[in-house]
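Chains as they are written, first to last, in my numbering: chain W, 3 to 115; chain R, 3 to 115. Cβ coordinates follow ideal geometry from the N, Cα and C atoms, glycine included. Read through the structure below, which is laid out as structure tokens, and then see the notes.
There are 2 protein chains.
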Amino acid sequence: MMDELTEMLKGVLEGCVLQILAHQESYGYQIVKELNRVGFTSASDGTVYPILMRLEKKNLVDVTKVRSELGPPRKVYALNAAGLRALASFWERWEFISSRLGMIKERIDQNDR
Amino acid sequence: MMDELTEMLKGVLEGCVLQILAHQESYGYQIVKELNRVGFTSASDGTVYPILMRLEKKNLVDVTKVRSELGPPRKVYALNAAGLRALASFWERWEFISSRLGMIKERIDQNDR
DNA sequence: TGACGGTAGCTCGTGTAACGTGGTAGTGGT
DNA sequence: ACCACTACCACGTTACACGAGCTACCGTCA
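Here you go:
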């Protein structure tokens with residue numbers, strides 16, 4: 003069933019990453035594991051790294067290189083003010099779509115047709 | 003604000019059309035107006051007609067040509083059994099994403115990290 | 001008759017996102 | 001020296017939303 007999620011995830015995963023970063027700054031590899039943990043098993047590094055690069059290009063995050071004991075240094079991403087605004091906007095848009103979908107589903111035909 | 007909805011609507015609008023057709027059979031032009039009425043103002047005919055053709059190709063709808071007094075004949079779309087199944091699947095996927103997003107937002111950190 | 005406006009349908013091009021595949025590189029353990 | 005794990009990145013494919021443009025039917029009004 004979870005194979006056709008792809009299209010519906012567009013735009014959503016970026017919001018997820020923003021929310022994760024709002025909770026706590028993190029880096030690519032960990033974000034992937036976090037997303038997998040909550041159920042987005044299809045989100046691999048090939049999905050997450052482009053998102054992070056997008057966020058960086060849009061200046062929604064601050065990036066710091068941090069050395070790690072295991073493996074190469076990590077690029078730690080932290081949400082900045084613009085990122086927080088983008089996150090708020092994301093949730094607004096989500097709420098909007100969510101409510102409209104509810105309207106269509108429940109069919110509160112207050113008018114015409 | 004509603005200008006950046008596009009990406010988040012991917013996959014969702016098809017579900018909306020399915021739901022609209024489940025409520026009552028309809029045709030392209032009317033579906034566009036219906037979507038606009040509930041708030042999806044960006045959904046134009048250039049968006050809806052490809053969706054309808056997709057549904058037809060996937061055999062989720064039955065199509066009938068109906069003459070109209072005003073303008074050219076209408077292509078009336080009606081959901082069939084497979085369409086109803088697709089609709090159910092759509093709501094399942096929506097519920098899935100919706101719940102996971104809720105988890106991430108509310109941060110019910112029941113485990114690790 | 002001819003011009004207009006609303007109805008109805010369709011096509012094409014563009015932009016963007018998810019995601020698979022594969023590639024590079026640093027680290028520690030054996 | 002080898003391997004596994006961590007971390008990052010690049011490329012190509014696929015799919016969708018949407019704007020812009022086109023055709024065509026009908027009734028009304030000039």
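Residue environment analysis places R109(W) among the exposed positions, since fewer than 16 neighbouring C-beta atoms fall within 10 angstroms of its C-beta. Taking C-beta separations shorter than 7 Å and ignoring five residues to either side along the sequence, the partners of L7(R) in its chain run S44, following chain order. One Cα belongs to T49(R), the other to V34(R), and the distance between them is close to 9 Å. For T8(R), the enclosing alpha helix (DSSP H) starts and ends at 8-11.
DSSP, read as helix, strand or coil, puts S28(R) in strand. For R56(R), the enclosing alpha helix (DSSP H) stretches over residues 47-59.
Within chain W, no C-beta atom comes less than 8 Å from the C-beta of M55(R); the nearest is roughly 16 Å away.
Listed along the chain, the chain R residues whose CB falls inside 8 Å of the CB of S44(W) amount to none; the nearest CB is some 12 Å away. One Cα belongs to V40(W), the other to L103(W), and the distance between them is close to 23 Å. With a beta-carbon spacing of about 16 Å, E27(R) and A88(R) fall beyond the 8 Å limit used to define contacts.
Nearest to A84(R) by alpha-carbon distance, out of F42(R), E71(R), I106(R), L23(R), is L23(R).
In this structure, the alpha-carbon of Y31(W) lies about 49 Å from that of V78(R).
Interface flag for E27(R) against chain W is unset, since no Cβ pair is found closer than 9 Å. The alpha-carbon of E71(R) is positioned some 21 Å away from that of D47(R). Of all alpha-carbon atoms in E9(W), K12(W), G17(W), M10(W), the one lying nearest the alpha-carbon of L62(W) is that of G17(W). With 16 or more other CB atoms across the displayed protein chains lying within 10 angstroms of its CB, M10(W) is buried.
Within the stretch 16-41 of chain R, E16, G17, C18, Q21, I22, H25, Q26, Q32, E36, L37, R39, V40, G41 place their CB atoms closer than 9 Å to a CB of chain W, listed in sequence order. Listed along the chain, the chain W residues whose CB falls inside 7 Å of the CB of E9(R) are K12, G13. Here DSSP, grouped into helix, strand and coil, assigns V40(W) to coil. Taking 9 Å as the cut-off, the beta carbon of W96(W) is found closer than this to the beta carbon of V14(W). A Cβ-Cβ separation of about 6 Å places Q21(W) in contact with K107(R) under the 8 Å criterion.
Contact annotation for S100(W) against chain R: S100 [CB-CB distance below 8 Å, chain order]. Taking the Cβ atoms as the reference, V68(R) lies roughly 5 Å from R76(R), within the contact range of under 8 Å. L81(W) sits in a strand when the DSSP states are folded into three classes.
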